[in-house]
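What follows is one structure encoded as structure tokens, with my remarks underneath.
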Amino acid sequence: MNKLKVFSTLFTTVFIMLSVFFALTTELNVFLGGALVGVSVLISGHLAERLFKRFEHETVSPPTVIFSYVLLLVVVAYFIGLYS
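Position in the sequence shown (from 1) plus 29 gives the number in our numbering.
Here it is in structure tokens:
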């Protein structure tokens with residue numbers, strides 16, 4: 030799999046998770062929280078492409094990709110357990 034795609038997807042996912050977490054833990058208006066998450070999607074996509082442009086022609090093995098997403102799932106489950 031393309032390393033640029035893997036890194037940008039992971040970065041965007043973490044960035045969006047943090048913005049959703051911030052929007053849910055503060056007393057923001059629903060529309061303001063939605064706008065914050067929408068802007069974070071745009072910003073994270075742009076930043077990820079600029080940050081990881083040098084990995085465009087490199088590849089990652091499938092087990093590494095699966096392991097990365099499983100670790101991301103573990104972190105999400107931890108935060109859900111922390112605030113539920």
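The beta-carbon is built from N, C-alpha and C at its ideal position, and this holds for glycine as well.
Check: Residue from F108, G74 and V66 whose Cα sits closest to the Cα of S37; Outcome: G74
Check: Buried/exposed call for L33, threshold 16 Cβ in 10 Å; Outcome: buried
Check: Beta-ladder partner(s) of T88, from DSSP; Outcome: N31
Check: Whole-angstrom distance between G62 and H46, CA atom to CA atom; Outcome: Checking the sequence shown, residue 46 turns out to be Met, not His. Looking at the two C-alpha atoms, the distance is approximately 13 Å.
Check: The region 39-56 touching the region 76-92, judged by at least three CB pairs closer than 8 Å; Outcome: yes
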